[in-house]
Structure formats: C-alpha cells, structure tokens
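Residue numbers (this note's numbering): 11 to 166. Glycine is no exception: its CB is placed at the ideal position from the N, C-alpha and C atoms. Keep in mind that this is a model prediction, so the values were computed, not measured.
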Ligand SMILES: [Fe+2]
Ligand SMILES: [Fe+2]
C-alpha cells in the first residue's frame, strides 16, 4: 500500500500501542504462527499499520483508541491453531471461534470497551456471517486483516 507514514504519524501510532506492545501476554503472540512463518504478533502489527494507513488515506476519521487496540488484539486468542485438533463441526473450527476467544481475552486482560470488542468480534466477516462490522474502525480492521493475510500467504 503506497502511503508512507510521517514522523508524527509514527509517533502517534507507537504512543497508542506502547502499553499493549510492552505487555507479556501480547509478547506471547510471538510464539504462535499466523500464516507461513509470520507470527501472530507480526501479523497483528501488520494489520494495525495497514488499518492506520487506510484510515489516514480515508480522511483520518477513526478513533485511534479503538482502531489500534482492536487491530493489535484482533487475533489475541493465545494458542497455536496449527496444534488444535481439526473439528468436524464447522462452527467449532478456529476460523469461526477465534474472534470470540480473542475478544474474551482482550476484555479480561485489557478491559477493552464494547466498541473495541466489536472490532475484534467482527474481523472475520463474512465468514462469521452474523458478526457484521457496523462501525468504521471494525470495517477498517476487517479489511486490513484480509489484505495482510493475503499478502502473507502469497509471500510465504
Ligand atoms: Fe483472525
Ligand atoms: Fe488476523
């Protein structure tokens, strides 16, 4: 995506995410694989950067205290999904269940508000059909996640 962040934007981005990135439960995501050799933490940072860039390109109208925590916590499910036994029940598969697990962890560990929880719960839409992203921050993270997952899968 052709949008270079200014020095001021990098500072703003880092300031919002600093309390999360220094937290041991966030660092735990370094151990788990997202796509290819990319860890869940790298993927989540990539999603946060992409969502921030999309927001900047579309007029900077997002609440960054929702957008960026939502992005960094969207896959905060805290396990390696490759180690999970395959379920024959489609609605118990990782793709369906991990948004609510990530949301529960984010609420328990960081006490994130309802709007941020919605960003996390809705990021897999349209797979999770009933969890439709209904506000700007949720739409941007949902879109950023797909762009990053595609790029990470192609590049591996
Ligand atoms: Fe996800
Ligand atoms: Fe993701």
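- Pairwise C-beta distances place the region 63–72 out of contact with the region 22–31, as fewer than three of them are shorter than 8 Å.
- Residues lining ligand 2 by the Cβ criterion, that is a Cβ closer than 5 Å to any of its heavy atoms, are 85, 155 in chain order.
- Around the beta carbon of residue 102, a 10 Å sphere encloses fewer than 16 other beta carbons of the protein chains shown; the residue is thus reported as exposed.
- Residue ranges of uninterrupted alpha helix (DSSP H) with 4 or more members, entirely inside the region 19–77 and ordered along the chain, are 34–37, 50–67.
- Taking each of 33, 128, 86, 137 in turn and checking the Cα distance to residue 111, the smallest one comes out for 86.
- Ranked by how close their Cα comes to the Cα of residue 50, the residues 62, 88, 34 have 88 in first place.
- Shown here, residue 87 sits in coil according to DSSP, grouped into three states, outside any helix or strand.
- When only Cα atoms are considered, residue 62 and residue 106 end up about 25 Å apart.
- Look at residue 153 here: in three-state DSSP terms it is helix.
- Taking the C-beta atoms as reference points, residue 58 is found nearer than 7 Å to residue 81.
- DSSP places residue 146 within a helical segment (H, G or I) once states are collapsed to three.
- Residue 138 sits in coil when the DSSP states are folded into three classes, being neither helix nor strand.
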